[in-house]
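The next block holds one structure in the form of structure tokens; read it before the comments.
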């Protein structure tokens, strides 16, 4: 039997850096579909009007003094959630690639099952945007690496569309990887004995702007995160 998740205990966190062309659409998408959810945009030191547009569209906004990176932005959201007695945190990106309608998939899963980290996987469905070939190569690499180290199957290790339980937040508020954190947090939570699961979501193509992850950054990303994951397997 399913159990309804109290929406007033769910916080949606949207980290954003210079997303003035997308953030209004993203915030409205959440607010219109899920008026019962609390919503926080963490403006990671943007030099444009990201913070103003997010606030005008109904988000609470936390502004970081300068660009500190996605890890610090997400950790800021986690600390806010704990301070406001939230039991779950749903993170989605500010670039418009995550579909607010898929929040229903997260909540429906939690109504029937338990999870500390629930990852929205674009590869459990046959539709939607799949990203570039280079990005898919990196995703496949981390899927295999994490599956080999943990013994459970992961299909979208780099997805930023994910849900954290309060138990996971209590751990991650103390340490959250600051650079390309998504694969590493899977390992950390696994080592802490928490439940990591996936649900199917549909990825959308970015409406405006381009990704900051170039070919060179992708190679750096793979090397750096691989080393971090291997170290995490030892120290946690």
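In the working numbering, the protein residues as written are 14 to 249. Even for Gly, the Cβ is constructed at its ideal location relative to N, Cα and C.
- Taken in chain order, the unbroken stretches of alpha helix (DSSP H) that lie wholly in the stretch 82-162 and span 4 residues or more are 83-96, 116-125.
- Residue range 73-76 is occupied by the beta strand (DSSP E) that includes residue 75.
- In this structure, residue 25 sits near residue 52, with a CB-CB distance shorter than 9 Å.
- As the crow flies, the alpha-carbon of residue 77 is around 33 Å from that of residue 158.
- Between residue 214 and residue 172, the CB-CB gap stays under 9 Å.
- The alpha-carbon separation between residue 169 and residue 56 amounts to approximately 25 Å.
- Counting along the chain, residue 192 sits inside no beta strand (DSSP E), nor does DSSP assign it H or E at all.
- Close CB contacts of residue 33 within its chain, under the 7 Å cut and outside five residues either way in sequence, are with 61, 62, 63, 66 (chain order).
- Annotation for residue 56: the continuous beta strand (DSSP E) segment containing it runs 51-56.
- Distance from the Cα of residue 125 is smallest, within the candidate group 243, 212, 182, 189, for 212.
- By the neighbour-count definition (other C-beta atoms within 10 Å, threshold 16), residue 108 is a buried residue.
- Around the beta carbon of residue 74, 16 or more other beta carbons lie within 10 angstroms, which makes this residue buried.
- The continuous stretches of beta strand (DSSP E) do not include residue 46, which lies in the alpha helix (DSSP H) extending over residues 36-46.
- For residue 211, the enclosing beta strand (DSSP E) covers residues 209-213.
- Between the stretch 172-181 and the stretch 88-104 there are three or more C-beta pairs closer than 8 Å, enough to call the two in contact.
- Remark: three or more beta-carbon pairs, one from each stretch, lie closer than 8 Å, so the stretch 203-211 and the stretch 127-134 are flagged as touching.
- Per DSSP, the continuous beta strand (DSSP E) segment holding residue 27 begins and ends at 23-29.
- Excluding five sequence positions before and after residue 152, the CB atoms of its chain that fall closer than 7 Å to its own CB belong to 169, 170, 171, given in chain order.
- Exposure of residue 139 is indicated by the presence of fewer than 16 other C-beta atoms within 10 angstroms of its C-beta.
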